[in-house]
Amino acid sequence: MIKLIATAIILLSNTCNEIEEPIHQRPINQSPRAATITKNNKPKPLVTKQISFQGTYSVILQGKEVVISLNEKANLVTGTFVMNGQQAKLNGIVKNLICTGKIIEDETGKTYNFVAERKADILNFSFTVPEQNNQVVKLALKKEMAQKVTSNTNTKNPLLIGTWRNTEVLSSGSGALYTSFATDYFVKFAADGTALIWTGKSAGGSNGITIDGAKPGSVQQMQWFTEAKTLYLVNPQTKQKAPVAFYAEANRMMLTSGKTKKVYQRVN
(Lines of atoms letter the chains of each structure in order from A and count residues from 1; the text may use other names and numbers.)
(Lines give C-alpha, C1' and ligand atoms only; values in the text may rest on other atoms or scores of the structure.)
Protein backbone atom coordinates (compact mmCIF):
# COMPACT_ATOMS: atom_id res chain seq x y z
CA MET A 1 0.00 0.00 0.00
CA ILE A 2 1.33 3.40 -0.94
CA LYS A 3 0.96 6.21 1.59
CA LEU A 4 0.78 9.78 0.43
CA ILE A 5 2.33 12.01 3.11
CA ALA A 6 1.98 15.76 2.85
CA THR A 7 5.23 17.48 3.92
CA ALA A 8 5.04 21.02 5.28
CA ILE A 9 7.89 23.31 4.16
CA ILE A 10 8.96 25.94 6.68
CA LEU A 11 10.67 29.01 5.28
CA LEU A 12 13.05 30.79 7.60
CA SER A 13 13.83 34.42 7.11
CA ASN A 14 16.22 36.55 9.14
CA THR A 15 15.35 40.13 9.82
CA CYS A 16 18.30 42.50 9.70
CA ASN A 17 17.86 45.45 11.98
CA GLU A 18 19.82 48.50 10.97
CA ILE A 19 21.75 50.25 13.75
CA GLU A 20 21.37 53.95 14.00
CA GLU A 21 24.65 55.89 13.75
CA PRO A 22 25.90 57.49 16.95
CA ILE A 23 24.95 61.18 17.22
CA HIS A 24 28.53 62.31 17.46
CA GLN A 25 29.33 60.69 14.07
CA ARG A 26 26.34 62.22 12.35
CA PRO A 27 26.81 65.37 10.25
CA ILE A 28 25.31 68.47 11.88
CA ASN A 29 22.58 69.03 9.25
CA GLN A 30 21.71 65.33 8.82
CA SER A 31 18.52 64.10 10.46
CA PRO A 32 18.30 60.67 12.05
CA ARG A 33 17.57 57.81 9.67
CA ALA A 34 14.05 56.48 9.63
CA ALA A 35 13.91 53.04 11.16
CA THR A 36 13.73 50.29 8.53
CA ILE A 37 10.80 47.91 9.14
CA THR A 38 11.19 44.44 7.71
CA LYS A 39 7.93 42.53 7.23
CA ASN A 40 8.20 38.94 8.35
CA ASN A 41 6.02 36.90 6.01
CA LYS A 42 5.41 33.59 7.69
CA PRO A 43 4.88 30.70 5.27
CA LYS A 44 1.38 29.31 5.02
CA PRO A 45 1.09 25.65 6.00
CA LEU A 46 0.85 23.21 3.11
CA VAL A 47 -2.67 21.80 2.95
CA THR A 48 -3.32 18.46 1.28
CA LYS A 49 -6.29 18.55 -1.08
CA GLN A 50 -8.91 15.96 -0.17
CA ILE A 51 -9.58 13.45 -2.93
CA SER A 52 -13.07 12.00 -3.31
CA PHE A 53 -13.63 8.42 -4.43
CA GLN A 54 -17.23 9.24 -5.46
CA GLY A 55 -18.08 8.11 -8.97
CA THR A 56 -18.24 5.22 -11.42
CA TYR A 57 -15.09 3.65 -12.85
CA SER A 58 -14.67 1.01 -15.57
CA VAL A 59 -12.06 -1.00 -17.44
CA ILE A 60 -12.02 -3.87 -19.95
CA LEU A 61 -10.21 -6.91 -18.50
CA GLN A 62 -9.56 -9.78 -20.92
CA GLY A 63 -12.52 -8.70 -23.03
CA LYS A 64 -14.89 -8.35 -20.06
CA GLU A 65 -15.98 -5.09 -18.51
CA VAL A 66 -15.34 -4.37 -14.85
CA VAL A 67 -17.41 -1.57 -13.29
CA ILE A 68 -16.94 -0.11 -9.82
CA SER A 69 -19.48 2.42 -8.50
CA LEU A 70 -18.56 4.23 -5.27
CA ASN A 71 -20.33 6.56 -2.86
CA GLU A 72 -18.37 8.41 -0.17
CA LYS A 73 -19.64 10.09 2.98
CA ALA A 74 -17.52 11.17 5.95
CA ASN A 75 -14.57 8.96 4.87
CA LEU A 76 -16.85 5.91 4.60
CA VAL A 77 -17.09 4.33 1.15
CA THR A 78 -19.83 2.00 -0.10
CA GLY A 79 -20.60 0.74 -3.57
CA THR A 80 -20.79 -2.13 -6.03
CA PHE A 81 -18.27 -4.19 -7.96
CA VAL A 82 -19.55 -5.80 -11.18
CA MET A 83 -17.32 -8.21 -13.10
CA ASN A 84 -18.45 -10.65 -15.81
CA GLY A 85 -22.06 -10.22 -14.72
CA GLN A 86 -21.23 -11.09 -11.12
CA GLN A 87 -21.99 -8.39 -8.57
CA ALA A 88 -20.50 -7.73 -5.16
CA LYS A 89 -20.81 -5.04 -2.51
CA LEU A 90 -17.97 -2.77 -1.42
CA ASN A 91 -17.40 -1.35 2.05
CA GLY A 92 -14.32 0.66 2.96
CA ILE A 93 -12.79 3.54 4.86
CA VAL A 94 -10.53 6.35 3.63
CA LYS A 95 -7.35 7.20 5.56
CA ASN A 96 -4.33 9.14 4.28
CA LEU A 97 -5.95 9.30 0.80
CA ILE A 98 -6.09 5.49 0.61
CA CYS A 99 -9.34 3.50 0.70
CA THR A 100 -9.17 0.01 2.21
CA GLY A 101 -12.01 -2.42 2.81
CA LYS A 102 -13.76 -5.59 1.71
CA ILE A 103 -15.52 -6.94 -1.37
CA ILE A 104 -18.51 -9.14 -0.47
CA GLU A 105 -19.97 -11.36 -3.21
CA ASP A 106 -23.77 -11.21 -3.40
CA GLU A 107 -24.18 -14.84 -4.40
CA THR A 108 -21.61 -16.66 -2.26
CA GLY A 109 -20.91 -14.25 0.58
CA LYS A 110 -17.16 -14.61 0.02
CA THR A 111 -15.03 -11.64 1.03
CA TYR A 112 -11.85 -10.19 -0.45
CA ASN A 113 -9.63 -7.41 0.88
CA PHE A 114 -9.12 -4.43 -1.40
CA VAL A 115 -6.98 -1.29 -1.56
CA ALA A 116 -7.87 1.71 -3.74
CA GLU A 117 -6.09 4.93 -4.59
CA ARG A 118 -7.31 7.65 -6.92
CA LYS A 119 -5.01 9.73 -9.12
CA ALA A 120 -6.89 12.25 -11.27
CA ASP A 121 -9.50 10.22 -13.21
CA ILE A 122 -7.77 6.87 -12.63
CA LEU A 123 -8.73 4.53 -9.79
CA ASN A 124 -5.92 2.11 -8.94
CA PHE A 125 -7.77 -0.82 -7.40
CA SER A 126 -6.28 -4.09 -6.16
CA PHE A 127 -7.75 -7.05 -4.31
CA THR A 128 -6.38 -10.29 -2.87
CA VAL A 129 -7.71 -13.72 -3.90
CA PRO A 130 -7.12 -16.24 -1.07
CA GLU A 131 -8.05 -19.22 -3.29
CA GLN A 132 -5.13 -18.36 -5.61
CA ASN A 133 -2.39 -18.34 -2.96
CA ASN A 134 -3.29 -14.75 -2.02
CA GLN A 135 -2.62 -13.53 -5.54
CA VAL A 136 -3.13 -9.79 -5.89
CA VAL A 137 -5.23 -8.60 -8.85
CA LYS A 138 -4.45 -5.02 -9.88
CA LEU A 139 -6.81 -2.88 -11.97
CA ALA A 140 -6.55 0.66 -13.31
CA LEU A 141 -10.08 1.93 -13.94
CA LYS A 142 -11.04 5.22 -15.56
CA LYS A 143 -13.77 7.42 -14.16
CA GLU A 144 -16.84 7.62 -16.36
CA MET A 145 -18.39 10.94 -17.25
CA ALA A 146 -21.61 11.59 -15.38
CA GLN A 147 -24.70 10.80 -17.41
CA LYS A 148 -27.55 13.26 -17.71
CA VAL A 149 -29.74 13.03 -14.62
CA THR A 150 -33.51 13.22 -14.92
CA SER A 151 -35.71 15.43 -12.79
CA ASN A 152 -36.12 12.81 -10.05
CA THR A 153 -32.30 12.67 -9.61
CA ASN A 154 -31.96 9.02 -10.75
CA THR A 155 -30.11 8.25 -13.98
CA LYS A 156 -31.87 6.14 -16.61
CA ASN A 157 -29.91 4.70 -19.50
CA PRO A 158 -31.89 5.71 -22.63
CA LEU A 159 -31.02 2.42 -24.38
CA LEU A 160 -33.35 0.58 -21.98
CA ILE A 161 -36.44 2.71 -22.56
CA GLY A 162 -39.11 0.69 -24.39
CA THR A 163 -40.78 -2.74 -24.25
CA TRP A 164 -38.73 -5.94 -24.25
CA ARG A 165 -39.60 -9.64 -24.59
CA ASN A 166 -37.78 -12.72 -23.34
CA THR A 167 -38.97 -16.10 -24.59
CA GLU A 168 -38.19 -19.05 -22.36
CA VAL A 169 -38.44 -22.50 -23.94
CA LEU A 170 -38.60 -25.69 -21.90
CA SER A 171 -38.19 -29.00 -23.69
CA SER A 172 -37.83 -32.64 -22.79
CA GLY A 173 -37.67 -36.04 -24.44
CA SER A 174 -36.74 -36.85 -28.02
CA GLY A 175 -38.35 -38.22 -31.15
CA ALA A 176 -42.02 -39.00 -30.69
CA LEU A 177 -41.73 -38.13 -27.01
CA TYR A 178 -40.31 -34.68 -27.61
CA THR A 179 -42.26 -31.93 -25.82
CA SER A 180 -41.64 -28.21 -25.74
CA PHE A 181 -43.30 -25.34 -23.94
CA ALA A 182 -42.59 -21.64 -24.53
CA THR A 183 -43.47 -18.66 -22.34
CA ASP A 184 -43.03 -14.97 -23.12
CA TYR A 185 -41.90 -12.56 -20.41
CA PHE A 186 -42.22 -8.82 -20.91
CA VAL A 187 -40.72 -5.75 -19.27
CA LYS A 188 -41.39 -2.12 -20.16
CA PHE A 189 -39.07 0.69 -19.04
CA ALA A 190 -40.68 4.14 -19.22
CA ALA A 191 -38.76 7.40 -19.34
CA ASP A 192 -40.46 8.60 -16.12
CA GLY A 193 -38.83 5.78 -14.12
CA THR A 194 -41.77 3.35 -14.15
CA ALA A 195 -41.14 -0.32 -14.95
CA LEU A 196 -43.95 -2.74 -15.87
CA ILE A 197 -43.32 -6.49 -15.70
CA TRP A 198 -45.72 -9.21 -16.81
CA THR A 199 -45.89 -12.74 -18.15
CA GLY A 200 -47.27 -13.28 -21.64
CA LYS A 201 -49.13 -16.21 -23.12
CA SER A 202 -47.63 -19.69 -22.95
CA ALA A 203 -47.92 -22.37 -25.61
CA GLY A 204 -46.40 -25.74 -26.37
CA GLY A 205 -47.00 -29.11 -27.88
CA SER A 206 -46.05 -32.74 -28.26
CA ASN A 207 -46.37 -35.08 -31.24
CA GLY A 208 -48.66 -32.77 -33.20
CA ILE A 209 -50.68 -31.70 -30.17
CA THR A 210 -50.76 -28.00 -29.32
CA ILE A 211 -51.32 -26.82 -25.77
CA ASP A 212 -52.26 -23.26 -24.82
CA GLY A 213 -51.19 -22.12 -21.40
CA ALA A 214 -52.86 -19.80 -18.99
CA LYS A 215 -53.84 -16.29 -19.94
CA PRO A 216 -51.29 -13.53 -19.46
CA GLY A 217 -50.63 -12.73 -15.81
CA SER A 218 -51.21 -9.48 -13.97
CA VAL A 219 -48.86 -6.56 -14.42
CA GLN A 220 -46.33 -5.81 -11.69
CA GLN A 221 -45.31 -2.16 -11.39
CA MET A 222 -41.83 -1.21 -10.21
CA GLN A 223 -39.48 1.75 -10.43
CA TRP A 224 -36.13 1.66 -12.19
CA PHE A 225 -32.86 3.53 -12.62
CA THR A 226 -29.31 2.72 -13.69
CA GLU A 227 -25.81 3.31 -12.37
CA ALA A 228 -23.08 2.53 -14.91
CA LYS A 229 -23.86 -1.06 -16.04
CA THR A 230 -26.19 -1.91 -13.17
CA LEU A 231 -30.00 -1.77 -13.44
CA TYR A 232 -31.91 -1.27 -10.19
CA LEU A 233 -35.54 -2.36 -9.85
CA VAL A 234 -37.19 -0.70 -6.86
CA ASN A 235 -40.30 -1.86 -5.01
CA PRO A 236 -42.45 1.31 -4.78
CA GLN A 237 -43.89 0.25 -1.40
CA THR A 238 -40.84 -1.06 0.48
CA LYS A 239 -38.21 0.90 -1.54
CA GLN A 240 -36.14 -2.28 -1.62
CA LYS A 241 -33.65 -2.30 -4.51
CA ALA A 242 -32.81 -5.35 -6.64
CA PRO A 243 -29.59 -4.84 -8.67
CA VAL A 244 -29.12 -6.58 -12.03
CA ALA A 245 -26.16 -6.22 -14.39
CA PHE A 246 -27.22 -5.26 -17.92
CA TYR A 247 -25.86 -5.00 -21.44
CA ALA A 248 -27.96 -3.16 -24.02
CA GLU A 249 -27.88 -2.58 -27.76
CA ALA A 250 -30.46 -0.93 -29.98
CA ASN A 251 -32.67 -4.05 -30.29
CA ARG A 252 -31.21 -6.49 -27.80
CA MET A 253 -30.67 -6.50 -24.05
CA MET A 254 -29.12 -9.00 -21.65
CA LEU A 255 -29.81 -9.05 -17.91
CA THR A 256 -27.46 -10.96 -15.62
CA SER A 257 -28.08 -11.90 -12.00
CA GLY A 258 -25.55 -14.28 -10.52
CA LYS A 259 -25.23 -17.20 -12.94
CA THR A 260 -28.57 -16.49 -14.62
CA LYS A 261 -28.55 -14.64 -17.94
CA LYS A 262 -31.64 -13.66 -19.93
CA VAL A 263 -31.67 -12.14 -23.41
CA TYR A 264 -34.51 -9.79 -24.38
CA GLN A 265 -35.54 -8.59 -27.84
CA ARG A 266 -37.01 -5.13 -28.32
CA VAL A 267 -40.75 -5.04 -29.10
CA ASN A 268 -41.02 -1.27 -29.47
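Residues in the sequence shown are numbered consecutively from 3, following this note's numbering. Cβ atoms here follow ideal geometry from the backbone N, Cα and C, with glycine treated the same way. Owing to the predicted nature of the structure, the values given are computational and were not obtained by experimental measurement.
Coarse secondary structure for residue i, derived from DSSP in three states
| i | result |
| --- | --- |
| Glu251 | coil |
| Leu99 | coil |
| Gln239 | coil |
| Glu133 | helix |
Buried versus exposed, by CB contacts within 10 Å (16 or more), residue i
| i | result |
| --- | --- |
| Ala252 | exposed |
| Asn270 | exposed |
| Arg120 | buried |
| Ile105 | buried |
| Ala250 | buried |
| Lys158 | buried |
| Lys231 | buried |
| Ala122 | exposed |
| Val79 | buried |
| Ala142 | exposed |
Nearest-angstrom Cα separation, counted from residue j out to residue i
| i | j | result |
| --- | --- | --- |
| Val265 | Ser71 | 24 Å |
| Ile199 | Val69 | 26 Å |
| Val84 | Gln137 | 19 Å |
| Pro245 | Gly103 | 21 Å |
| Ile163 | Pro238 | 19 Å |
| Asn93 | Ser60 | 18 Å |
| Thr58 | Gln89 | 14 Å |
| Leu235 | Leu161 | 16 Å |
| Pro132 | Gly111 | 14 Å |
| Ala247 | Thr181 | 32 Å |
| Thr169 | Asn98 | 52 Å |
| Gln64 | Thr240 | 39 Å |
| Ala193 | Ile124 | 32 Å |
| Glu67 | Met147 | 16 Å |
| Asn73 | Ile100 | 15 Å |
| Phe127 | Ile53 | 15 Å |
| Glu107 | Ser176 | 39 Å |
From the options, residue whose alpha carbon lies closest to that of residue i
| i | options | result |
| --- | --- | --- |
| Ile62 | Val171, Lys145, Gly202 | Lys145 |
| Asn156 | Thr240, Phe183, Glu229 | Glu229 |
| Ser174 | Ala184, Thr165, Asn168 | Ala184 |
| Tyr187 | Cys101, Gln267, Lys91, Ile105 | Gln267 |
| Arg254 | Ala192, Trp166, Ser54, Leu235 | Trp166 |
| Ala76 | Lys91, Thr169, Ile95 | Ile95 |
| Leu172 | Leu143, Ala193, Ser204, Pro160 | Ser204 |
| Gly81 | Lys66, Phe55, Val189 | Phe55 |
| Asn115 | Asp123, Leu99, Lys91, Ala122 | Lys91 |
| Gln242 | Leu257, Met256, Gln225 | Gln225 |
| Lys140 | Gln134, Val117, Met147 | Val117 |
| Lys261 | Thr130, Glu109, Phe227 | Glu109 |
| Gly202 | Thr196, Phe191, Ser220 | Ser220 |
| Gln222 | Val189, Glu107, Ala193 | Val189 |
| Phe227 | Leu257, Gly195, Asn73, Thr113 | Gly195 |
| Thr113 | Asn126, Thr130, Ile100 | Thr130 |
Sheet register partners of residue i (DSSP bridge)
| i | result |
| --- | --- |
| Asp186 | Thr169 |
| Ala118 | Cys101, Phe127 |
| Leu233 | Thr228, Val246 |
| Thr82 | Ser71, Lys91 |
| Met256 | Tyr249, Val265 |
Any non-hydrogen atom of the ligand GDP within 6 Å of residue i CB
| i | result |
| --- | --- |
| Ile199 | Here there are no bound small molecules, and the ligand GDP is not part of this structure. |
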